[in-house]
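Heads up, the thing below is written out as structure tokens.
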Amino acid sequence: MAEQQLSGDASGLELFPQFRREIYEMYQLELAGLTDEQLDFQSDRWGWSEWSIRRNVSHVASGDFRWLLQRWGEDLFTDGLPEIDDWDGIIDSPYDRRLDETKYWELDSIMAVLRKSMEFCCWVLEAETVDSMRSKETTATVGGQLHWLQAHPNGVREDPDNPPQGFVTLEATFRHRYYEYLTHLYNIQRLKKAQGMEAVVDIPFVGYHALPDWDRSEP
């Protein structure tokens with residue numbers, strides 16, 4: 012993120028260039044060569060190991076669509092929501108904050124949705140400026156969720172009249188999504204280590220997993 016160096020009329024994509032290639036490529040490199048057994052390993056030993064690698068990827072692959080269309084849709088797309096292939100399988104999935112596992116189980120199919128998600132994010136970001144992203148707000152549950160309040164330097168505020176609801180800007184939303192990608196990639200690396208494998212990519216130490224009280228336990 013390049014929040015301090017950009018003028019207000021700069022493209023939103025310049026604010027979050029990681030959505031061009033960086034995020035997808037980090038996941039692609041970290042997941043390369045994993046077997047189904049490795050992708051599906053999970054354990055109740057640690058809180059971060061309750062979801063398998065496959066399900067961590069499925070979660071982040073659906074997250075941008077859920078945020079930008081379900082939460083932001085009416086504000087961002089005043090002429091109507093853009094058409095998304097398989098809305099039910101990606102956004103209204105019966106699985107908890109994940110893609111429909113009856114349709115998107117193979118890693119290739121999940122990664123295809125992740126790539127579409129990156130393309131969609133870039134399209135949204137290109138239509139915004141730094142100023143517009145900082146001025147647009149939507150509601151979100153932020154009260155009691157300290158990671159929202161601690162990790163974001165701006166763009167998140169509580170609603171004193173309606174706790175635990177609050178407001179997040181479009182800038183904070185994309186920052187949240189970036190932090191989510193990093194945190195779940197960190198979980199994926201720990202799931203690999205729990206199976207005797209090494210991490211591949213260097214994850215920037217920013218965002219939620221960098222907070223002082225975050226669970227950074229290792230296998």
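With the working numbering, letter number 207 in the sequence shown gets 218, and the count goes up by one each step, no holes.
For glycine and all other residues, C-beta sits at the position ideal for the given N, C-alpha and C.
Since we're looking at a predicted model, the values are computed, not measured.
Which residues in the same chain have their Cβ closer than 8 Å to the Cβ of residue i, if we skip the five residues on either side of it in sequence?
i, result
"residue 70", "62, 108, 109, 195"
"residue 175", "152, 153, 154, 155, 156, 169"
"residue 125", "35, 38, 68, 71, 72"
Please determine, among the options, the residue with the shortest C-alpha to C-alpha distance to residue i.
i, options, result
"residue 152", "32, 82, 24, 35", "82"
"residue 79", "119, 179, 230, 167", "179"
"residue 26", "51, 141, 135", "141"
"residue 134", "173, 87, 163, 150", "87"
"residue 149", "138, 139, 166, 113", "166"
"residue 208", "45, 172, 96", "45"
"residue 54", "212, 199, 211", "199"
"residue 66", "77, 51, 57, 56", "51"
Residues in the same chain with beta-carbon distance under 6 Å from residue i, minus the five sequence neighbours each way, listed in chain order, please.
i, result
"residue 144", "23, 181, 182"
Is the CB-CB distance between residue i and residue j below 8 Å?
i, j, result
"residue 29", "residue 197", "no"
"residue 68", "residue 121", "yes"
"residue 59", "residue 224", "no"
"residue 163", "residue 186", "yes"
"residue 18", "residue 75", "no"
According to DSSP, what are the bridge partners of residue i?
i, result
"residue 177", "151, 169"
"residue 22", "140"
Cβ-heavy atom distance between residue i and the ligand MG below 7 Å?
i, result
"residue 87", "The model depicted lacks the ligand MG and carries no ligand whatsoever."
### Task
State whether the stretch 202–217 contacts the stretch 33–46, with contact taken as three or more CB pairs (one from each stretch) at a distance under 8 Å.
yes
### Task
Check whether the stretch 142–159 touches the stretch 95–107, taking contact to mean three or more Cβ pairs, one atom from each stretch, closer than 8 Å.
no
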